[in-house]
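Student: Those protein sequence lines, which keep their order, are chains A and B.
First residue of the first sequence: 1, per the numbering used here; consecutive thereafter.
First residue of the second sequence: 1, per the numbering used here; consecutive thereafter.
After the structure tokens below, expect a handful of questions from me.
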Amino acid sequence: MAVINLRNRQIECKLVFYGPGRSGKTTNLEYIHKAFKKQVTGKMISIDTEGDRTLFFDFLPLGLGKIKGCDVKVQLYTVPGQVKYKATRQLVLNGVDGIVFVADSLAVRREKNMLSLKDLHENLIKMGLSIRKIPLVLQYNKRDLEGKGLPIMSLKKMQHELNRQLKVPSFSASALSGAGVGNTLNQTLKLTLQSLQNEFKWAQ
Amino acid sequence: MDLGEKIKKYYKEAELYNSHGLLTDALEKYKSIEGLVKSTRNIQNRQGILKQIALKIESTNKKLQKIEGPKTTTEVAEDAQSLMQEMFSFDDPESKGSSVLGGAIALVKFGQYDKAIEELNRLLEYDKFRLDAAKKILWCWVQQNYMEYAVSLYQKWRKNKLFPPEEADAIQKYFNELIDNAGGDQEIDELESQRTVEPDSEIDDDEILDISAARFVLPRGPKEGEKIELEISFQSGKYIRMIISRREKNLIDSINPGDLLKEIVFSSPAAIFSGEGYVSSKNEIDAGPKKGDYSLEIKIIKIIS
């Protein structure tokens, strides 16, 4: 949950990158760490001890400076995507203010995307939150693989399967090159700050 | 698409999935190739292709088994542990000291048991946190399958009257349930309160080599965290005894009966090996040339390597 100090005009909020294993959540954070140097306020902590698979979470702190008279700080987290780390996902999701769901565009990962979105939905319910109310952005990652001979799903199909009911903002991306990463982050931040404004009326 | 092209296409896909860490998908593609080749007789270098694909299937399966095996708990770096404590302590920031307990509980939740126990042990000194800290400590040991040690620790607390009566009842009830849920058969109510039960040892006395020295990290007190090496003065099977000079007051205060030493390096004339041990006694020698020194006895409960 965001920490809002109206006296000192400070906001600290938490965004979580969610999605199936190997969909590119850590790669998103790595790109942000590299490309948004001015905003990065501390080192990226990446706890991956099983090859390059996230076992716990990645963490990256950002400082966005003054927005509407408030000093805005953001903590970015990723969750481990593997099914067996459900408990860790719940733990990392605790106190979340906004979510980026990183879906894998590869056709073979269709089912995994859907299962992971369902898992997010269930975990949010456990925390008393609703997937329809929390600030959420979908990212269709790995679009660059289209040119490499791998079958990928069309954006239309992904929209239909993942976003037909949610109707949240979505972006195509290639986290490796960074394409779409900034847009995804900006939109998620915008939605999150709007949601916090509706709740806490922090903006001057 | 002719068969050759199809195989090439599948192989390329499989390799790309493999390089992206999508091992299940890669495995499926390799198996599709194997199926195609097996069902076609007149294919050039058929045996060679089958052999190569079999190797790919084997190595991918190995990687998969490693990843899909049971969830393991891993001790992470100190900065990551600090982050877990700081960021996942969801308690009331206004309540003094509660964040320490919250941080320790966060470590427990992430499976950072050693660090969590270290933090929780400190909280045993505070009335406000003692009960919660003790429950979490017992839970950590049981989670790591150190049931016997958890029992001995509980008994030590009881013997030392760590808890006031109402808390003693609460912890006993909690611990009984914990043991039941873990499928243990220990009856803590029936155990003699003056006797500390030692954890079982996995080792037969005959298996143990003659040990000349033991090196381990001190678990508590003024020298906590320091590594020391002591010469073995006497050995009887899995029990080893060492002498600590009376002049080493800080060292004497840094180890006590009931401590579990999780990483001991044993030196013997034939080999060096490591294991776990339980401090079974520490007594002041009351006669002879070593009068005033301390005799420390460790029971070796497990050999690791």
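In this text, a Cβ means the ideal position worked out from N, Cα and C, and glycines have one as well.
1) Go ahead and pull the three-state DSSP assignment for residue 242 (chain B).
2) Check whether the Cβ atoms of residue 74 (chain A) and residue 57 (chain A) sit closer than 8 Å, and answer yes or no.
3) Can you tell me which residues form a DSSP beta bridge with residue 73 (chain A)?
4) So, helix, strand or coil for residue 275 (chain B), using DSSP?
5) May I ask you to list the residues that DSSP assigns as paired with residue 137 (chain A)?
6) If the cut is a Cβ gap below 9 Å, which residues of chain A does residue 79 (chain B) touch?
7) Return no unless some Cβ of chain A is closer than 8 Å to the Cβ of residue 286 (chain B).
8) Which first and last residues belong to the alpha helix (DSSP H) in which residue 251 (chain B) is found?
9) Should residue 111 (chain B) be labelled buried (16 or more other beta-carbon atoms within 10 Å of its own) or exposed?
10) Which of the three DSSP states is assigned to residue 193 (chain B) in this structure?
11) With DSSP run on the structure shown, which of helix, strand or coil describes residue 55 (chain A)?
12) Taking Cβ-Cβ distances shorter than 9 Å, what residues in chain A pair up with residue 13 (chain B)?
13) Could you pull the start and end residues of the alpha helix (DSSP H) that residue 173 (chain A) belongs to?
14) Is the stretch 96-109 of chain A touching the stretch 18-29 of chain A in the sense that three or more CB pairs, one from each, lie closer than 8 Å?
15) Give the DSSP bridge partners of residue 45 (chain A), in chain order.
16) Please identify, using Cβ separations under 7 Å, the residues of the stretch 48-79 of chain B that lie next to chain A, in order along the chain.
17) Residue 211 (chain B): buried (16+ other C-beta within 10 angstroms of its C-beta) or exposed?
18) Across the stretch 250-264 of chain B and the stretch 213-220 of chain B, are there enough close Cβ pairs to call them in contact, namely three or more that are closer than 8 Å?
19) Which residues does DSSP list as the beta-bridge partners of residue 126 (chain B)?
20) Using a Cβ-Cβ distance cut-off of 8 Å, determine whether residue 21 (chain B) contacts chain A.
21) Who pairs with residue 266 (chain B) in a beta bridge, going by DSSP?
22) Under 8 Å by Cβ, that's how I've got residue 280 (chain B) and residue 209 (chain B) pegged, so tell me the actual separation to the nearest angstrom.
23) Roughly how many angstroms separate the alpha carbons of residue 302 (chain B) and residue 32 (chain B), rounded to a whole number?
24) Would you check if there are 3 or more beta carbon pairs closer than 8 Å linking the stretch 142-157 of chain A to the stretch 5-24 of chain B?
25) Helix, strand or coil for residue 232 (chain B), going by three-state DSSP, please let me know.
26) Drop a sphere of 10 angstroms on the beta-carbon of residue 276 (chain B), count the other beta-carbons inside from all chains shown, and report buried for 16 or more, exposed for fewer.
27) How about residue 302 (chain B): is its C-beta nearer than 8 Å to some C-beta of chain A?
28) For residue 125 (chain B), count the other beta carbons within 10 Å of its own beta carbon; 16 or more makes it buried, fewer makes it exposed. Which is it?
29) So, residue 300 (chain B) versus residue 238 (chain B), is the Cβ gap smaller than 8 Å?
30) Are there three or more Cβ pairs, one per stretch, closer than 8 Å when the stretch 55-75 of chain B is compared with the stretch 22-34 of chain A?
31) If the criterion is Cβ atoms closer than 8 Å, does the pair residue 171 (chain A) and residue 139 (chain A) meet it?
32) Are there 16 or more other CB atoms within 10 angstroms of the CB of residue 199 (chain B), so buried, or fewer, so exposed?
33) Out of curiosity, what's the CA-to-CA distance linking residue 160 (chain B) and residue 131 (chain B)?
34) Tell me where the beta strand (DSSP E) around residue 295 (chain B) begins and ends.
35) Taking DSSP as the reference, what is the three-state secondary structure of residue 131 (chain A)?
36) Hey, quick one: how far does the alpha helix (DSSP H) through residue 4 (chain A) stretch, first residue to last?
Tutor: A quick look at the data gives this:
1) As a first step, residue 242 (chain B) must be located in the second sequence, where it is residue number 242. Reduced to three states, the DSSP call for residue 242 (chain B) is strand.
2) Locating residue 74 (chain A) in the first sequence gives position 74, counting from the first residue. Locating residue 57 (chain A) in the first sequence gives position 57, counting from the first residue. No, the pair does not count as a contact, with Cβ atoms beyond the cut-off.
3) Position 73 of the first sequence, counted from the start, is the residue given in the question as residue 73 (chain A). According to DSSP, which records beta bridges pairwise, residue 73 (chain A) is partnered with A:12 and A:63.
4) Taking the second sequence and counting its residues from 1, the one referred to as residue 275 (chain B) is at position 275. It is a strand residue.
5) Walking along the first sequence from the start, residue 137 (chain A) turns up at place 137. Paired residues: A:100.
6) In the second sequence, residue 79 (chain B) corresponds to position 79, counting from 1. Correct list: 43 and 45.
7) Mapped onto the second sequence, residue 286 (chain B) falls at position 286. False, the Cβ-Cβ gap to chain A never drops below 8 Å.
8) What you label residue 251 (chain B) is simply residue 251 of the second sequence in a count that begins at 1. Taken as a continuous stretch (DSSP letters only), the alpha helix (DSSP H) holding residue 251 (chain B) covers 249-252.
9) On the second sequence, residue 111 (chain B) is found 111 positions in, with the first residue counted as 1. By the 10 Å Cβ count, residue 111 (chain B) comes out buried.
10) By 1-based counting over the second sequence, the position of residue 193 (chain B) is 193. Residue confidence is low: residue 193 (chain B) scores 42 on pLDDT, short of 50, so the model does not pin down where it sits. Its coordinate-derived value is still stated next. In the structure shown, residue 193 (chain B) sits in coil (DSSP, three-state: anything other than H, G, I, E or B).
11) As a first step, residue 55 (chain A) is located in the first sequence; it is residue number 55 there, counting from the start. Per DSSP, reduced to three states, the secondary structure at residue 55 (chain A) is coil, with no helix or strand assignment.
12) Counting from one through the second sequence, the residue named residue 13 (chain B) turns up at place 13. Simply 108, 149, 150 and 151.
13) Taking the first residue of the first sequence as 1, we reach residue 173 (chain A) at position 173. In the DSSP assignment, residue 173 (chain A) falls outside any alpha helix (DSSP H), carrying neither H nor E.
14) The stretch 18-29 of chain A, when compared against the stretch 96-109 of chain A, does touch it at the 8 Å Cβ threshold.
15) The count along the first sequence starts at 1 and reaches residue 45 (chain A) at position 45. Answer by DSSP bridge pairing, in chain order: A:59.
16) 67, 71, 74, 76 and 79
17) Counting from 1 along the second sequence, the entry for residue 211 (chain B) is found at position 211. Under this definition residue 211 (chain B) is a buried residue.
18) yes
19) Here residue 126 (chain B) refers to the residue found at position 126 of the second sequence. Answer is none; residue 126 (chain B) lacks a bridge partner.
20) Mapped onto the second sequence, residue 21 (chain B) falls at position 21. Residue 21 (chain B) counts as touching chain A.
21) Reading the second sequence from its first residue, position 266 is the one you call residue 266 (chain B). Its beta-bridge partners are B:214 and B:273.
22) Mapped onto the second sequence, residue 280 (chain B) falls at position 280. Mapped onto the second sequence, residue 209 (chain B) falls at position 209. Wrong, their Cβ atoms sit about 20 Å apart, outside the cutoff.
23) On the second sequence, position 302 is the one that residue 302 (chain B) refers to. On the second sequence, position 32 is the one that residue 32 (chain B) refers to. Cα-Cα distance, rounded: 46 Å.
24) Contact between the stretch 142-157 of chain A and the stretch 5-24 of chain B is present: three or more C-beta pairs spanning the two stretches fall below 8 Å.
25) Counting from one through the second sequence, the residue named residue 232 (chain B) turns up at place 232. In the structure shown, residue 232 (chain B) sits in a strand (DSSP, three-state: E or B).
26) Translated into positions along the second sequence, residue 276 (chain B) becomes position 276. It counts as buried.
27) Numbered from 1 along the second sequence, position 302 holds the residue referred to as residue 302 (chain B). Chain A contact via Cβ: absent.
28) Within the second sequence, residue 125 (chain B) is the residue found at index 125, counting from 1. Result: exposed.
29) Indexing the second sequence from 1 puts residue 300 (chain B) at position 300. Indexing the second sequence from 1 puts residue 238 (chain B) at position 238. Here residue 300 (chain B) is near residue 238 (chain B), since their CB atoms are less than 8 Å apart.
30) Not touching, per the Cβ criterion.
31) The residue labelled residue 171 (chain A) in the question sits at position 171 within the first sequence. The residue labelled residue 139 (chain A) in the question sits at position 139 within the first sequence. Yes; because the gap between Cβ atoms is below 8 Å, this pair is in contact.
32) On the second sequence, position 199 is the one that residue 199 (chain B) refers to. Buried.
33) Taking the first residue of the second sequence as position 1, residue 160 (chain B) is located at position 160. Taking the first residue of the second sequence as position 1, residue 131 (chain B) is located at position 131. Spanning the two alpha carbons is a distance of roughly 15 Å.
34) On the second sequence, residue 295 (chain B) is found 295 positions in, with the first residue counted as 1. Note, residue 295 (chain B): beta strand (DSSP E), 294-303.
35) Start at 1 with the first residue of the first sequence, and residue 131 (chain A) comes out as number 131. Correct three-state label for residue 131 (chain A): coil.
36) Counting from 1 along the first sequence, the entry for residue 4 (chain A) is found at position 4. Not the alpha helix (DSSP H): residue 4 (chain A) falls in the beta strand (DSSP E), residues 3-5.
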